[in-house]
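Taking it in order: structure first as structure tokens, then the write-up.
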Amino acid sequence: MNNRIVICGGGLMGLSVAYNLAKRGVKELFLFERNCIGSHNSSRVNTGLFVSPMFYSEPSLRSVARKSLNIYNELAATGAFDFNKCGRVYLSSSDESETQARRLLTRLVTDPSSSFLVEAIDCPSEMLARWPMLATEDVKLAVFSPLDATIDVAGLSRILADNCREMGVQIFENCSIKKVLINEESRVYAVDTDEGFIDVMAFVDAAGIDSSLVDVLGLPDADHPVRIAAHPCSFTFLSTDPLPHCQSSSQSQPVFVCMDENTFICPLKTKTICGGFTMEGGTSIRTSF
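Our numbering puts the first residue of the sequence shown at 1412, with every later residue one more than the last.
Take a look at the structure:
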């Protein structure tokens, strides 16, 4: 019986799928990456900001984030990549964003593992004394979420790939998946790669924003069986010199989020990352999706 599972994409998503399947005992796992592991798009330029599981109101999303946190803790114990549990501060300056921040606060304090570290500050002077790099005169509420972190994405990609190989996953770099073949029952039965055809039991497209580059042959016109579970959220960020206060401080600073402006700043000892996005979004998804 054919038990092969083929994964397209060697970024964090594809490597995570391979890692979890291998830990569950799946033996015939093949991962194809058209360049090299973690080399492009969301994995390469990812800012590495991890959001606390309690940020999400949906229990299913909290569960996924919690499992991710556990995996990061497990892998970081080997010292192979940087996992900085710096926390995150949500800053609200309007009534609407303050309401959102208090809803988040309600969820944060229900987590027994970190509720004692959660903070809510409604005094601008106290905020300024705590974080002197901020302009706090118009901030109504600051909520500190302790489980947020920054991650070395390149290092995480390497250690995931190494663990996958140790568990028997076959990783092919500089090898593209050109076509996905579907039978009359709308099930994937094979993929065409640069190394030839492979019969498969299941196929996972983890190519991210480049998913539309993988041709799927045999799709019926009336009933489209392909579902795109998620696509990357586009945002803009820049990396610049570290803030003087952060260079001289022995403690790592949290990530700061302006809830009204949809912007963030991540003050690290070696650099400062600033970013944001618009609610309207940027470039539209390719029509071939």
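Backbone N, C-alpha and C fix where the C-beta goes; we use that ideal spot for every residue, glycine too.
Does DSSP put glutamine 1581 in a helix, in a strand, or in coil? For this step, residue 1581 is matched to residue 170 along the sequence shown. DSSP places glutamine 1581 in strand when its eight states are reduced to three.
* To do: Just the C-alpha distance for methionine 1538 and alanine 1476, rounded to the nearest angstrom, thanks.
  => Position 127 of the sequence shown, counting from 1, holds the residue named residue 1538. Position 65 of the sequence shown, counting from 1, holds the residue named residue 1476. Their Cα atoms are separated by approximately 29 Å.
Threonine 1683: first and last residue of the uninterrupted beta strand (DSSP E) it sits in
For the purposes of this step, residue 1683 is taken as the residue at position 272 of the sequence shown. Note, threonine 1683: beta strand (DSSP E), 1683 to 1687.
Q. Identify the residues that DSSP records as bridge partners of valine 1591: which are they?
A. Walking along the sequence shown from the start, residue 1591 turns up at place 180. Paired residue(s): Val1602, Val1627.
Taking only the alpha-carbon atoms, compute the straight-line gap between leucine 1628 and glutamine 1581 and give it to the nearest angstrom. If you number the sequence shown from 1, residue 1628 lands on position 217. If you number the sequence shown from 1, residue 1581 lands on position 170. C-alpha separation (whole angstroms): 25 Å.
Tell me whether arginine 1499 sits in a helix, a strand or coil according to DSSP, three-state version. The residue labelled residue 1499 in the question sits at position 88 within the sequence shown. Judged by DSSP in its simplified three-state form, arginine 1499 adopts strand.
Anticipated Cβ contact below 8 Å, leucine 1545 with phenylalanine 1675, distance rounded
The count along the sequence shown starts at 1 and reaches residue 1545 at position 134. The count along the sequence shown starts at 1 and reaches residue 1675 at position 264. That pair is no contact at about 12 Å.
With three or more beta-carbon pairs closer than 8 Å as the criterion, would you say the stretch 1566 to 1577 touches the stretch 1426 to 1445? The stretch 1566 to 1577, when compared against the stretch 1426 to 1445, does touch it at the 8 Å Cβ threshold.
By Cβ distance below 8 Å, which residues in the same chain neighbour proline 1653 in space, the five residues on each side in sequence not counted? Position 242 of the sequence shown, counted from the start, is the residue given in the question as residue 1653. Counting only Cβ-Cβ distances below 8 Å, and skipping sequence neighbours, we find Pro1678, Leu1679, Lys1680, Thr1681, Lys1682, Thr1683.
Practice problem: Please classify isoleucine 1532: does DSSP put it in a helix, a strand, or coil? | Solution: Taking the first residue of the sequence shown as 1, we reach residue 1532 at position 121. DSSP places isoleucine 1532 in strand when its eight states are reduced to three.
Under 8 Å by Cβ, that's how I've got threonine 1458 and glycine 1686 pegged, so tell me the actual separation to the nearest angstrom.
-> Indexing the sequence shown from 1 puts residue 1458 at position 47. Indexing the sequence shown from 1 puts residue 1686 at position 275. Confirmed, Cβ separation roughly 6 Å.
Checklist line | Residue span of the alpha helix (DSSP H) that contains isoleucine 1482, given as start and end | finding: For this step, residue 1482 is matched to residue 71 along the sequence shown. Per DSSP, the unbroken alpha helix (DSSP H) holding isoleucine 1482 starts and ends at 1470 to 1487.
Checklist entry - What do you get for alanine 1560, buried or exposed, if any count of 16 or more other CB atoms within 10 angstroms of its CB means buried? => result For this step, residue 1560 is matched to residue 149 along the sequence shown. That one is buried.
Between the stretch 1546 to 1557 and the stretch 1498 to 1506, do three or more beta carbon pairs fall short of 8 Å? yes
* Could you give the residue range of the beta strand (DSSP E) that holds glycine 1607? -> Position 196 of the sequence shown, counted from the first residue, corresponds to residue 1607. Segment 1607 to 1610, the beta strand (DSSP E) holding glycine 1607.
Which residue's Cα is closest to the Cα of serine 1463: Arg1445, Gly1449, Leu1426, Tyr1483?
As a working note, residue 1463 is residue 52 in the sequence shown. Here the closest residue by C-alpha is Tyr1483.
- Mapping DSSP to helix, strand and coil, what is valine 1417? Reading the sequence shown from its first residue, position 6 is the one you call residue 1417. DSSP places valine 1417 in strand when its eight states are reduced to three.
Q) By a C-beta neighbour count over all protein chains shown, 10 Å radius and 16 as the cutoff for buried, is glutamate 1469 buried or exposed? A) Walking along the sequence shown from the start, residue 1469 turns up at place 58. Classification of glutamate 1469: exposed, given that the 10 Å Cβ count is below 16.
* Asked: Within 10 angstroms of its Cβ, does arginine 1445 collect 16 or more other Cβ (buried), or is it exposed?
  -> Within the sequence shown, residue 1445 is the residue found at index 34, counting from 1. Counting Cβ neighbours within 10 Å, arginine 1445 comes out buried, since at least 16 surround it.
Complete runs of the alpha helix (DSSP H) confined to the stretch 1417 to 1452 [at least 4 residues]: 1423 to 1434
Relative to the C-alpha of glycine 1744, which candidate in Phe1492, Arg1569, Arg1541 has its C-alpha closest? Coverage of the chain is limited to positions 1412 through 1700, which leaves residue 1744 absent and any answer about it impossible.
* **Straight-line Cα distance separating serine 1479 from asparagine 1431** => Along the sequence shown, read from residue 1 onward, the residue named residue 1431 stands at position 20. Along the sequence shown, read from residue 1 onward, the residue named residue 1479 stands at position 68. Approximately 10 Å between the Cα atoms of the pair.
Practice item. Determine contact between the stretch 1600 to 1610 and the stretch 1503 to 1518, defined as no fewer than three beta-carbon pairs at a distance below 8 Å. Key: no
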